[in-house]
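Convert by adding 196 to the 1-based position in the sequence shown; the result is the number in the working numbering.
No residue lacks a Cβ here, since even glycine has one placed at the ideal position from N, Cα and C.
Only a predicted model underlies this, so the values are computations on that prediction, with no experimental measurement involved.
Worksheet for the structure shown next.
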Amino acid sequence: MQAIANALRGQESENSQEALRVLDIILRQHAAKQGCLIVRQSFSFHNDPKNFAEVGGGVLGCRGFHSSFRTTQSGLSLNIDVSTTMIIQPGPVVDFLIANQNANDPFSLDWAKAKRTLKNLRVKTAPANQEFKITGLSEKSCREQTFTLKQRSKNEDGEVQTSEVIVYDYFVNHRNIDLRYSADLPCINVGKPKRPTYFPVELCSLVSLQRYTKALATFQGSSLVEKSRQKPQERMQILSNALQINNYDAEPLLRASGVSISSNFTQVEGRGLPAPKLKAGNGDDLLSRNGRWNFNNKRFFDPAKVERWAVVNFSARCDIRGLVRDLTRIGEIKNT
C-alpha cells in the first residue's frame, strides 16, 4: 500500500502496478466466493435471473460488472462499469438444443452439430443431482447403446463379474426411472473415451453461468443490443445496486489492506455543452429538441441534383412503385 501511496503523491514507484494487481486479485476472489462467473480476470457475473436477457437460439445475455482499482487525481478509486457476456440457457439439454437449432422436437435435431455444441459443457443429472462435464454422445440410441456393468458377486476365481447392459433397460428396470422420449435419442457421455459413462438425455440439465463463445447470429446480435441498452440514470442505479450487493467492505483482505469503498460515486466538475445549431434552407435555424434535430417541414441548405439513382428491392412485401413515388416527392419538397 505504501507503493500506491507514493504513486498518488506523484513519486515514482516500481511496485505500484503490482500492488494494484494484488487488490484486483482480491476483488476477483471476493466475486468467486459469491459464486460469480469470472471472465478475463476483472469481469464478474452473478447467477441472478434479473441479470439475464434472452437473445434467442438458447443463448442469454448475462449482465455483469467490470471492476478494478485505479490511481487517479482524487486518490485510489474503484473503477466499476456494466458489462455483458453470452451464456448458455440453463435447463434441460433437449430444450437448449431445440432452441439452438430452431427445431420442432428432439427427433429432428442434428445430433452431429449437437455433439460439437455440447462438448465440455457441464450438466447435472437426475435424480442424484451430480455434476459432470460432457465429453460426447453415444454412437447408438439409448435403447441400443450398451455398457459394461460390474456385478456385486464374484466368480469362483474371485474376479468381479461383468455383464453388458442396455442403457435404457438399466435406467428403466434397475433404477426405476420413467423415460418419456430418450429411447431413440443418443445418450450423453460424461466419461472418458475408453470408459464412457452414459446418461439418457432427458435426465441431463445444463448448469447456469456457462459461457457461449460461438459467434452470434444477426438476430441474436440485434436482440442483445436492444436489451442491453441503458439510459444514464438506469446505468447509475444498476452500478449503485452492484456496490451494495458486492459489499466490498465485508471483504477481510481489503480491510486488512486498509481499503474501504464508499457507496457514493466520485463527483467531478463539468459543464454542459450547448447543442450545435444547424442551418436549413431559406436561412432557417434548426434547433435540437430532446437531443434530436427534426428536419420535417425544412428544406436542404444547399440542395444538389442527383443525376442517376436506383432502388433495389430485396423484399417481396415492399411496394416498390410507392417507395419510388415517395422518394421523388420528398426530394422535390426538400429542394423547393
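So residue i and residue j are in contact, right, with Cβ under 8 Å, and what is the actual spacing, rounded?
i    : j    : result
S212 : I200 : 6 Å
T344 : T358 : 5 Å
Y394 : Q341 : 6 Å
R318 : Q406 : 6 Å
W489 : L469 : In fact, because the Cβ distance is near 15 Å, the residues do not count as touching under 8 Å.
S273 : T462 : 6 Å
L435 : I276 : 6 Å
N296 : T321 : Between T321 and N296 the Cβ distance is about 20 Å, and since that is not below 8 Å, they are no contact.
N243 : S404 : 5 Å
L219 : S419 : Contact flag wrong, Cβ pair sits at about 36 Å.
Once DSSP output is grouped into helix, strand and coil, what is the label at residue i?
i    : result
V386 : coil
L420 : helix
A227 : helix
P396 : strand
K320 : strand
G253 : coil
F497 : coil
S511 : coil
R431 : helix
G466 : coil
Q213 : helix
K336 : strand
L412 : coil
F367 : helix
S401 : strand
N300 : coil
L375 : coil
N443 : coil
Any chance the CB of residue i is under 8 Å from a heavy atom of the ligand COA?
i    : result
R339 : As far as ligands go, the structure on display features none, and thus does not contain the ligand COA.
Would you list the one or two residues that DSSP bridges to residue i?
i    : result
R475 : This sequence places Lys at residue 475; Arg is not what is there. For K475, which the question treats as bridged, DSSP gives the partners D481.
T344 : E360
E327 : K320
F248 : C258
R488 : R485
R407 : I283
Given 8 Å, three or more beta-carbon pairs between the region 449 to 464 and the region 432 to 439: As far as the Cβ criterion goes, the region 449 to 464 touches the region 432 to 439, which means the pair count is three or higher.
Inter-stretch contact (C-beta, 8 Å, three-pair minimum) for the region 376 to 384 and the region 398 to 413: Output reads yes: the region 398 to 413 touches the region 376 to 384.
Touch test, the region 239 to 254 against the region 271 to 288, Cβ-Cβ under 8 Å, three pairs minimum: Taking one beta carbon from each stretch, the region 239 to 254 and the region 271 to 288 have 3 or more pairs nearer than 8 Å; the two touch.
Inter-stretch contact (C-beta, 8 Å, three-pair minimum) for the region 282 to 300 and the region 255 to 266: Cβ pair count under 8 Å is three or more, so yes.
Inter-stretch contact at 8 Å, needing at least 3 Cβ pairs: the region 307 to 321 / the region 260 to 271: The region 307 to 321, when compared against the region 260 to 271, does not touch it at the 8 Å Cβ threshold.
Complete runs of the alpha helix (DSSP H) confined to the region 259 to 297 [at least 4 residues]: Listed in chain order, the complete alpha helix (DSSP H) runs (minimum 4 residues) inside the region 259 to 297 are 289 to 297.
Inter-stretch contact at 8 Å, needing at least 3 Cβ pairs: the region 492 to 501 / the region 471 to 479: The region 492 to 501 makes contact with the region 471 to 479: 3 or more CB pairs, one atom from each, lie closer than 8 Å.
Three or more C-beta pairs below 8 Å linking the region 286 to 305 and the region 369 to 382: With a cut-off of 8 Å, the region 369 to 382 and the region 286 to 305 count as touching, because enough Cβ pairs lie within range.
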